[in-house]
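Scroll down for the structure; my scribbles are underneath it.
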Amino acid sequence: MTQNHTAGTLLFKQLKTFNESVVYFEQTLQPALLKAIQDCVEDFCSSGSGWHGHFDFPEESDCRLAPLHWLIEQGEEEVSFQKQTHKATFEINYIEDNNGYDYWLALFCGVGTAGGEAGFMFDCDGKAFGGKNAWKRCVRQATSQLDQLAKLGFKDLGDGNFFLPVRLNTDALASTWEESGKFDKDDDCFQPVRDALECIAKAAPVFDALMNSCTR
Numbered sequence: 001m002t003q004n005h006t007a008g009t010l011l012f013k014q015l016k017t018f019n020e021s022v023v024y025f026e027q028t029l030q031p032a033l034l035k036a037i038q039d040c041v042e043d044f045c046s047s048g049s050g051w052h053g054h055f056d057f058p059e060e061s062d063c064r065l066a067p068l069h070w071l072i073e074q075g076e077e078e079v080s081f082q083k084q085t086h087k088a089t090f091e092i093n094y095i096e097d098n099n100g101y102d103y104w105l106a107l108f109c110g111v112g113t114a115g116g117e118a119g120f121m122f123d124c125d126g127k128a129f130g131g132k133n134a135w136k137r138c139v140r141q142a143t144s145q146l147d148q149l150a151k152l153g154f155k156d157l158g159d160g161n162f163f164l165p166v167r168l169n170t171d172a173l174a175s176t177w178e179e180s181g182k183f184d185k186d187d188d189c190f191q192p193v194r195d196a197l198e199c200i201a202k203a204a205p206v207f208d209a210l211m212n213s214c215t216r
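Residue numbers for the sequence shown follow UniProt numbering, beginning at 1 and rising by one.
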């Protein structure tokens, strides 16, 4: 409580600076960062690697991707991603957020108020495997795939989904912004995003094996 009172007092004393900072953050800094992250994902999907996705992260917090062969109806390639049905997708998401109050940037940098993290969530359509409970039972039995995913950095959330954290470095972000006043997908500060996408590419065959084991 004392800490909250102290924070409130400081905010009132620096209200003009605080307001200007928040407006600049929300209108300029965070949208630029989210756009660069989205561009990393879009570049990965357009590299001819057999992936596709939906990219609307800065405006709608919606950025998803999946291998083309995860389409349930293979004739859907020409339909927009949102209207397609996939066995599973990877989406930018977060875990352990403070009831949705933390900013994306704080979560990506590991400074959320509740220790939350941002990254890529493997989200499976349980209906494709006999229902969510059937999928969770199958996952619990797939010890080989679980071990492989853990080695790749995925966290088993215990609900049939898996989470791959992405941690950005605040000093690297600050240095990039100081130098150019903008973000680009090829900036060094976004190497953790590109590394995560490569990790997802390596994990896709493991998830394939996991999903195949649940359809036998």
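The C-beta atom is built at its ideal place from N, Cα and C for all residues, glycine as well.
Using DSSP with H/G/I as helix, E/B as strand and the rest coil, what is residue i?
i	result
ASN133	helix
LEU152	coil
ASN161	coil
PHE183	coil
ASN169	coil
ASN93	strand
ALA88	strand
THR53	Note that residue 53 is Gly in the sequence shown, not Thr. In this structure, GLY53 counts as strand in the three-state DSSP scheme.
ALA114	coil
Distance check for residue j and residue i, CA to CA, integer angstroms please.
i	j	result
PHE190	ILE37	7 Å
GLU96	LYS87	25 Å
LEU15	GLU178	24 Å
PHE18	PHE207	45 Å
THR215	ASP147	20 Å
GLY158	TYR94	15 Å
PHE25	GLN141	45 Å
Do residue j and residue i have their beta-carbon atoms positioned less than 8 Å apart in this structure?
i	j	result
LEU65	GLN84	no
GLN30	LEU107	no
CYS185	CYS45	Rather than Cys, the amino acid found at residue 185 in this sequence is Lys. Not in contact: LYS185 and CYS45 (Cβ atoms no closer than 8 Å).
LEU164	PHE120	yes
Tell me which residues share the same chain as residue i and place their Cβ nearer than 6 Å to its Cβ, disregarding the 5 neighbours each side in the sequence.
i	result
ASP62	ASP56
THR89	ARG64, ALA66, ASP123
GLY160	CYS124, TRP135, LYS136, VAL139
LYS132	GLY126
residue 221	Outside the shown range of the chain, which is 1 to 216, sits residue 221, and nothing can be said about it.
Can you find a heavy atom of the ligand ADP that lies under 7 Å from the Cβ of residue i?
i	result
ASP123	With respect to the ligand ADP, the structure shown offers nothing to examine, as it has no ligands at all.
Among the options, which has the Cα closest to the Cα of residue i?
i	options	result
PRO58	TRP51, ASP43, VAL41, LEU33	LEU33
LEU210	PHE162, ALA196, LEU105	PHE162
SER80	THR113, LYS13, GLY53	GLY53
TRP51	ILE92, GLU26, LEU197	LEU197
LEU152	CYS109, LYS202, MET121	LYS202
Please list, in chain order, all residues of the same chain as residue i whose beta carbon is under 7 Å from its beta carbon, the five residues on each side excluded.
i	result
PRO192	VAL166, ARG167, LEU168
LEU11	PHE18
Under 8 Å Cβ to Cβ from residue i, same chain only, skipping five residues before and after it: list those, please.
i	result
LEU68	GLY50, TRP51, HIS52, GLU77
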